[in-house]
Ligand code: SF4
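Residue numbers (the working numbering): 591 to 880.
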């Protein structure tokens with residue numbers, strides 16, 4: 591019997607993927623807003639154990655087409671380890687079309703283009719990255735381990751190797767004080783990267799607002815729903831993207847949007863403006879599933 595080391599998180603679009611925990615927890619685990627892996631100490635699953643799990647599950651789901659490597663940033667593993675894992679997955683699942691994982695920009699920077707290409711050739715061709723913000727001041731305050739520049743470097747590097755990107759920005763992260771610079775700088779980082787997918791989440795407080803405040807060095811004044819929409823409007827308005835699929839359909843958002851940036855930019859901005867004048871179209875608090 592295969593058991594997961596809980597909690598296990600995966601992106602919404604990996605709902606139909608088979609999940610293997612190549613690592614447990616997050617190698618950084620210090621972002622002020624994140625409690626996802628606070629109960630876990632980061633570790634790498636021994637290869638024999640992981641391979642035994644892959645063999646075991648392949649007997650039950652031989653037709654698997656998508657695999658997600660958990661936990662927090664399985665891309666932190668060395669190229670050699672990832673290559674061995676991806677080869678094993680391809681061997682056990684002949685119909686496999688895509689392997690994906692969460693990654694930090696530093697996980698991508700630590701591998702050469704050739705190494706990333708060899709992983710892409712083994713179908714590890716998609717990573718999810720929480721950029722969170724493009725503003726250096728805010729990144730430092732939330733203890734994110736990356737700067738705007740290091741994020742751009744890591745993610746442009748990944749794109750050059752043909753690894754596709756789904757990136758996240760957290761609305762409301764800087765509260766009132768940093769809202770404008772958060773939106774403007776985040777758009778600048780997105781423009782420099784030109785990711786295939788970009789989505790927004792809304793800052794949430796799983797352990798309460800006081801707990802979050804105790805983890806940051808600035809007075810965090812939460813944004814109202816209207817201010818969150820204004821921040822999103824500014825962010826979208828400043829993007830200059832050429833073919834990025836945008837989604838704000840995560841449950842934490844008040845307004846569910848879908849479109850391609852920049853083709854649908856004007857329409858998305860109009861929808862946000864409509865919601866600002868007609869707040870009854872927004873998701874009610876109880877529907878946000880937080
Ligand atoms: S890097 Fe990601 S998973 Fe790790 S603490 Fe930060 S937000 Fe959480």
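From the three backbone atoms N, C-alpha and C, an ideal C-beta is built for every residue, glycine too.
Check                                                                                                                             : Outcome
Minimum length 3: unbroken beta strand (DSSP E) runs contained in the stretch 644-723                                             : 656-660, 688-692, 714-722
Whole runs of the beta strand (DSSP E) within the stretch 756-806, excluding any shorter than 3 residues                          : 787-792
Contact under 8 Å by Cβ, residue 712 with residue 680                                                                             : yes
Segments of 3+ residues assigned as beta strand (DSSP E) that fall wholly inside the stretch 817-863                              : 834-837, 848-851
Helix, strand or coil at residue 811 according to DSSP, with G and I counted as helix                                             : coil
Nearest candidate by alpha-carbon position, reference residue 934, set 769, 608, 708                                              : The shown model of the chain, from 591 to 880, leaves out residue 934, and the question about it has no answer.
Proximity test, residue 619 beta-carbon vs ligand 1 heavy atom, cut-off 7 Å                                                       : yes
Chain-order list of residues whose beta-carbon lies under 6 Å from that of residue 844 (same chain, five-residue window excluded) : 815, 872, 873
Proximal residues to residue 869 (C-beta, below 6 Å), its chain only, five neighbours per side dropped                            : none
Reduced DSSP category for residue 754 - H, G, I as helix; E, B as strand; rest coil                                               : strand
Endpoints, alpha helix (DSSP H) assigned at residue 729                                                                           : 726-731
Residue 629 versus residue 610: straight-line alpha-carbon distance, rounded                                                      : 19 Å
Any non-hydrogen atom of ligand 1 closer than 7 Å to residue 626 Cβ                                                               : yes
Segment limits, beta strand (DSSP E) that includes residue 610                                                                    : 608-611
Buried or exposed by the 16-neighbour rule on C-beta atoms within 10 Å, applied to residue 895                                    : The structure shown has nothing for residue 895, since the chain only spans 591 to 880.
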